[in-house]
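Notes to accompany the following structure.
Protein chains: 2
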Amino acid sequence: MTRPIPPSTRRTLTLRDVSEACGVSEMTVSRVLRNRTDVSPATREKVLAAAKALGYVPNKIAGALASQRVNLVTVVVPSLSNMVFPEVLGGISDALDGTGLQPVFGVTNYRPEREENVLYEMLSWRPTGVILAGLEHSDPSRAMLESAGIPIVEIMDVDGEAIDSVVGISHRRAGRAMAAAIIAAGYRRIGFLGTKMPDDHRARKRLEGFTEALHEAGLELADTEYYAGGSALLKGRQMTEAILKRTPELDFLYYSNDMIGAGGLLWCLENGIDVPGTLGLAGFNGLEILDGMPIRLATMDACRRDIGERAARIVAGMGDDGVIGGARIELTPRLDLGDTIRTPDR
Amino acid sequence: MTRPIPPSTRRTLTLRDVSEACGVSEMTVSRVLRNRTDVSPATREKVLAAAKALGYVPNKIAGALASQRVNLVTVVVPSLSNMVFPEVLGGISDALDGTGLQPVFGVTNYRPEREENVLYEMLSWRPTGVILAGLEHSDPSRAMLESAGIPIVEIMDVDGEAIDSVVGISHRRAGRAMAAAIIAAGYRRIGFLGTKMPDDHRARKRLEGFTEALHEAGLELADTEYYAGGSALLKGRQMTEAILKRTPELDFLYYSNDMIGAGGLLWCLENGIDVPGTLGLAGFNGLEILDGMPIRLATMDACRRDIGERAARIVAGMGDDGVIGGARIELTPRLDLGDTIRTPDR
DNA sequence: CTGGTTGCTGATAGCGGTATCTTCCAATCA
DNA sequence: TGATTGGAAGATACCGCTATCAGCAACCAG
Chain A
1 MTRPIPPSTR
11 RTLTLRDVSE
21 ACGVSEMTVS
31 RVLRNRTDVS
41 PATREKVLAA
51 AKALGYVPNK
61 IAGALASQRV
71 NLVTVVVPSL
81 SNMVFPEVLG
91 GISDALDGTG
101 LQPVFGVTNY
111 RPEREENVLY
121 EMLSWRPTGV
131 ILAGLEHSDP
141 SRAMLESAGI
151 PIVEIMDVDG
161 EAIDSVVGIS
171 HRRAGRAMAA
181 AIIAAGYRRI
191 GFLGTKMPDD
201 HRARKRLEGF
211 TEALHEAGLE
221 LADTEYYAGG
231 SALLKGRQMT
241 EAILKRTPEL
251 DFLYYSNDMI
261 GAGGLLWCLE
271 NGIDVPGTLG
281 LAGFNGLEIL
291 DGMPIRLATM
301 DACRRDIGER
311 AARIVAGMGD
321 DGVIGGARIE
331 LTPRLDLGDT
341 IRTPDR
Chain B
1001 MTRPIPPSTR
1011 RTLTLRDVSE
1021 ACGVSEMTVS
1031 RVLRNRTDVS
1041 PATREKVLAA
1051 AKALGYVPNK
1061 IAGALASQRV
1071 NLVTVVVPSL
1081 SNMVFPEVLG
1091 GISDALDGTG
1101 LQPVFGVTNY
1111 RPEREENVLY
1121 EMLSWRPTGV
1131 ILAGLEHSDP
1141 SRAMLESAGI
1151 PIVEIMDVDG
1161 EAIDSVVGIS
1171 HRRAGRAMAA
1181 AIIAAGYRRI
1191 GFLGTKMPDD
1201 HRARKRLEGF
1211 TEALHEAGLE
1221 LADTEYYAGG
1231 SALLKGRQMT
1241 EAILKRTPEL
1251 DFLYYSNDMI
1261 GAGGLLWCLE
1271 NGIDVPGTLG
1281 LAGFNGLEIL
1291 DGMPIRLATM
1301 DACRRDIGER
1311 AARIVAGMGD
1321 DGVIGGARIE
1331 LTPRLDLGDT
1341 IRTPDR
C-alpha cells in the first residue's frame, strides 16, 4: 500500500507559507488568490507560481469566518431514491454554476425530525441560502429558518404558507386537473394506488385535489391500494393485480407516481387488458423512463428541473422579478394524456 | 408576503449572547452545547434553556477553525441521473448516521475538470475524509488528495492504483464473468450496446474484460452500438432495433447498463423475439427496476449500497480490519442469470 | 513645488468559537 | 485544623483568514 504522504509530518499549508515562499505579505497573497484587481501583474504571477508549487489549498473556514461570507447553498430534499429529486438537484447545480455559489445536499428520508437535524447542522455553517422541499416543517425547523436571516426557498409545492420564497406547482390543482381529464374521457369507476407515507404531503395533496374534483362530479374513489418500500415498478404490478382482483369493475387507475404506474401499465398489457379502452391509467411526474414504455402512460410533468433552476436563481439573487424576498412562483404542470386515457371525443 | 424577521435588525446570535442571557462565561456555554461532562447539572439546564429561548444556532465555522475539526465527509460522484449513485449515497448516509460525521455531496457529470473544481472547493473546507468514485483523476486532483492528509476512499472500482483506500469491484473481472456465462450458455454471435462516454472508466473496463474473455474463447464482438444522452430505456429500444436490423444474426446482446438493457428487453418481447432462446440479453448493475420487468434481465449486482457503507466506515475510522489507511476492499458482484440467458445444460 | 490623486503593499484587529491553563471553593483526609 | 484534592467555571491565547486603514512611491494638475 503506497500511503500518500505522512500526514503527521506535514502541517497543512497556510497563507503564511505561501507568503514566505515568495516574499510578500499574507495580505497580498490573499488578494491574489481571491482574484482581486489591486495587485500588480508581477506580484500576482510570483504569488500564483508559489501557491501552485506548494500545492496550497485555501482554508475556507478561516476565510468565511473572517469575511462573514459563505458561498454555500443548503439544499434539503426528502429522498434520492426516485428520479424526481436528482433532477431538481441537477437544475440547482446548473443554475448555480458560475455564480460562485456551491450547493450542499442533505437528505431527510421524509422524516421531519431528520429534517430538523439536517437543517440544524447545515444552518450552523451559515450558508448563503436554503432551498428545501415542501412547506410542511416542524415548529423548531420553521423557527430556525425564520431567524436565519438568509433567503429560504421552499420548493415543489405551493399549497400552503411559505416561510419566505416558494417555487413549485399546486399538487392539489394537479390532482384536480387529472381528475377532470379522466372524467371528461368518460371514466367513472376510478381506483387510486399510492404510497403509504404520511409525510409525503405532495402525494397527499394530489389525492385530496383528485378526490375533491371527483366528488364535485358526483363520483367517489371506488377503491384504493397502498404500498410502502420495495421496487416501485414491481409494486405497481402487484398492486394493480390486487386492486383489479378485488374490484374488477374499475375502469381507471390513478397512480401516485409514474414508476408504479409504469409497473401497472406493463401488467395490464401482459394480461391483455384493453388500455385505454376498458381501463385507463395515469401516473404523475413526467419521468423520462415513460418514454421507453410500450405505450405512453398519461402523466403530469412536475417541472422538476425548472423548479430547481428558479429556486437557485432566487438564492443567487437573480430572481426574474427583482423582488428581494418572499417571491412566489407557481409553475403549471403540463398534462400529458399519453396513450392510456381515451380521447374525450373518440 | 410575510417576511420572516427583519434580518438587518437582528444580528445573528453568538455564544456571548447566550452567556450574557444566563450569567455564565462563554466557555461554559460552549461546554454545555458540546455535551461535555464537566458542567454541573444546574448550570447545564440554565444554559440549555437560554440557548433554546434565544434560538441560538452555533457557528460551526468558528468552531471548526478553533478546534481544527470538521465533521464533514466529502463525497464526489459523477452523476445522479441513474439510480446507481443515489444508492451509494444512501449507503454512505446510513453508515455515517450516528458517527457525528455528515456527508456533503458533489457531482462531476463525468468531467475531470469539474471533478478538479469540486474537489478544490470541498477540500478547502478541510473535511474529515473524502469518498470519491473511480481511480482515474487528473494530476492536480491526485496531488490535492495526496497532500490533504486525510483518509481518501476511492469507490466503485478496484482496477488500478489507489491513492489511499479503495472499496469496489473489479469491473474488468465482472465483464469477464459475464462473458464466461454467455459463452457457457452457448451464445456465439455477441453484440455490445453502451454509452459513448470516454470518462466512464468502469463501463470501459467492463467492456475490456468482456472482449478479452471473448477473445480467449476465440470470439470477437460481432457488432457494437453506442449512445449518448436521452432516456436510457428508450435508447435501449432504439439501439436494439438498430443493431438487430444491421446484424440480424446476433444471438446475444450485452448492455453496459440495466436501463438500456431493460429497454432492449421490452423491445424484444414486443417484437416476438424468443428470449433467451434465439437471443440472449444481459445488463449490468442489478437495478431494482428489473424486478418489475416482464421477465428478469440477466445482470450483475454492483454492490452499490455495500460499497457506500464500507467506504463510510473507513472514513469514520471503523474499517472492519482496523487498518488505518490504504485499505483495499474488493467485493464480488453476484451474477444473476435471470430469465434472459439460457441455462447451460438445457 | 505643492497638494492631491492613484496604485500597490503592509500592519493591525478582529471573525466566533475552542484548547489549555488557572483559579476558586467545597469536600475529604491525615 | 490545615493540607490536599478534584470538580466547576473563568481567563487567555490563538485557529487562518479578510476588512480596513495606513504608508509610500509615482504621477499629475495647479
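In order, the protein sequence lines correspond to chains A and B. No gaps in the numbering here: position 190 of the first sequence is 190 in this note's numbering, and each next residue is one more. No gaps in the numbering here: position 171 of the second sequence is 1171 in this note's numbering, and each next residue is one more. Here a beta-carbon is modelled for each residue, glycine too, at the ideal position from N, C-alpha and C.
Buried or exposed (CB count within 10 angstroms, at least 16 for buried), residue i
i, result
"asparagine 1059 of chain B", "buried"
"glycine 1338 of chain B", "buried"
"histidine 215 of chain A", "exposed"
"aspartate 1139 of chain B", "exposed"
"tyrosine 1226 of chain B", "exposed"
"proline 198 of chain A", "exposed"
"aspartate 159 of chain A", "buried"
"glutamine 348 of chain A", "Outside the modelled stretch of chain A, which goes from 1 to 346, sits residue 348 of chain A, for which no answer is possible."
"proline 103 of chain A", "buried"
"glycine 218 of chain A", "exposed"
"threonine 211 of chain A", "buried"
"asparagine 285 of chain A", "buried"
"isoleucine 155 of chain A", "buried"
"proline 6 of chain A", "Because the pLDDT of proline 6 of chain A is 40, which lies under 50, any placement of that residue in the model is unreliable, and the number read from its coordinates should be weighed accordingly. The residue in question, proline 6 of chain A, is exposed, as its Cβ has fewer than 16 Cβ neighbours within 10 Å."
"glycine 1106 of chain B", "buried"
"threonine 1108 of chain B", "buried"
Per DSSP, cross-strand counterpart(s) of residue i
i, result
"glycine 1106 of chain B", "B:Val1076"
"serine 282 of chain A", "The sequence shown places alanine at residue 282 of chain A, rather than the serine named in the question. Beta-bridge pairing links alanine 282 of chain A to A:Tyr254, A:Ala298."
"leucine 1132 of chain B", "B:Val1076, B:Glu1154"
"valine 190 of chain A", "Here the sequence assigns isoleucine to residue 190 of chain A, which means valine is not the residue at that position. A:Phe252, per the DSSP bridge assignment."
"threonine 1224 of chain B", "B:Phe1192"
"glutamate 1330 of chain B", "B:Gly1168"
"leucine 335 of chain A", "A:Met300"
Spatial neighbours of residue i in its chain, beta-carbon cut-off 7 Å, leaving aside the 5 residues before and after
i, result
"arginine 1016 of chain B", "Glu1026"
"proline 151 of chain A", "Gly129, Asp164, Ser165, Ile314, Val315, Gly325"
"alanine 242 of chain A", "Glu225"
"asparagine 1071 of chain B", "Gly1100, Leu1101, Gln1102, Thr1128"
Proximity winner among the options, relative to residue i (alpha-carbon distances)
i, options, result
"arginine 1176 of chain B", "B:Glu1208, B:Leu1145, B:Gly1149, B:Gly1160", "B:Glu1208"
"asparagine 1257 of chain B", "B:Leu1250, B:Arg1031, B:Gly1236, B:Asn1271", "B:Gly1236"
"threonine 1278 of chain B", "B:Thr1240, B:Arg1342, B:Met1122", "B:Arg1342"
"alanine 1203 of chain B", "B:Ala1222, B:Ser1170, B:Gly1098, B:Gly1106", "B:Ser1170"
"alanine 302 of chain A", "A:Met293, A:Asp291, A:Gly283, A:Gly292", "A:Gly283"
"valine 1039 of chain B", "B:Val1024, B:Gln1068, B:Lys1052", "B:Val1024"
"arginine 44 of chain A", "A:Leu290, A:Thr28, A:Gly100", "A:Thr28"
"threonine 99 of chain A", "A:Gly317, A:Ala179, A:Met239, A:Glu161", "A:Gly317"
"valine 1077 of chain B", "B:Pro1041, B:Glu1121, B:Ile1131", "B:Ile1131"
"glycine 230 of chain A", "A:Asn82, A:Tyr120, A:Ser141", "A:Asn82"
"methionine 259 of chain A", "B:Ile1273, B:Gly1272, B:Glu1288, B:Phe1252", "B:Glu1288"
"leucine 1250 of chain B", "B:Asn1285, B:Gly1272, B:Arg1188", "B:Arg1188"
"histidine 1201 of chain B", "B:Ala1312, B:His1137, B:Ala1180", "B:His1137"
"lysine 52 of chain A", "B:Ala1143, B:Ala1042, B:Trp1125", "B:Ala1143"
"glycine 1055 of chain B", "B:Ala1180, B:Val1075, B:Leu1033, B:Asn1071", "B:Leu1033"
"tryptophan 396 of chain A", "A:Asp97, A:Asn109, A:Val75", "One cannot answer for residue 396 of chain A here, as it falls past the ends of chain A, which runs 1 to 346."
"threonine 1012 of chain B", "A:Asn117, A:Val84, A:Gly63, A:Leu145", "A:Leu145"
"alanine 1222 of chain B", "B:Phe1192, B:Thr1014, B:Ala1179", "B:Phe1192"
Cβ-based neighbour list, residue i, same chain, cut-off 6 Å, excluding 5 preceding and 5 following
i, result
"alanine 50 of chain A", "Val18, Ala21, Cys22"
"isoleucine 1329 of chain B", "Val1167, Arg1310"
"arginine 206 of chain A", "His171, Ala174, Gly175"
"phenylalanine 1252 of chain B", "Ile1182, Tyr1187, Ile1190, Gly1280"
8 Å contact criterion, which residue i and residue j should meet: CB distance rounded
i, j, result
"glycine 1129 of chain B", "valine 1047 of chain B", "In fact, because the Cβ distance is near 32 Å, the residues do not count as touching under 8 Å."
"isoleucine 295 of chain A", "tyrosine 254 of chain A", "Not really, about 17 Å apart at Cβ, beyond 8 Å."
"threonine 1340 of chain B", "alanine 1298 of chain B", "5 Å"
"aspartate 1157 of chain B", "glycine 1194 of chain B", "At roughly 16 Å, the Cβ-Cβ gap does not stay under 8 Å, so aspartate 1157 of chain B and glycine 1194 of chain B are not in contact."
"leucine 65 of chain A", "isoleucine 1061 of chain B", "5 Å"
"aspartate 1291 of chain B", "leucine 234 of chain A", "4 Å"
"alanine 1269 of chain B", "valine 1275 of chain B", "Residue identity check: residue 1269 of chain B is leucine in the sequence provided, not alanine. That belief holds up - the Cβ atoms of leucine 1269 of chain B and valine 1275 of chain B are roughly 7 Å apart, short of 8 Å."
"leucine 1335 of chain B", "methionine 1300 of chain B", "5 Å"
"methionine 1239 of chain B", "alanine 1262 of chain B", "No, methionine 1239 of chain B and alanine 1262 of chain B are not in contact; Cβ-Cβ is about 12 Å, not under 8 Å."
"glutamate 1161 of chain B", "serine 1141 of chain B", "The Cβ separation is near 14 Å, so there is no contact."
"alanine 1095 of chain B", "alanine 1312 of chain B", "4 Å"
Own chain partners of residue i with C-beta closer than 8 Å, once the 5 adjacent residues on each side are dropped
i, result
"proline 4 of chain A", "Residue placement at proline 4 of chain A cannot be trusted, given a pLDDT of 38 that sits under 50; what the coordinates show is reported in the next sentence. Nothing meets the Cβ criterion."
"glycine 90 of chain A", "Arg305, Gly308"
"arginine 1346 of chain B", "Its pLDDT being 47, under 50, arginine 1346 of chain B is placed unreliably by the model, and nothing is read from it."
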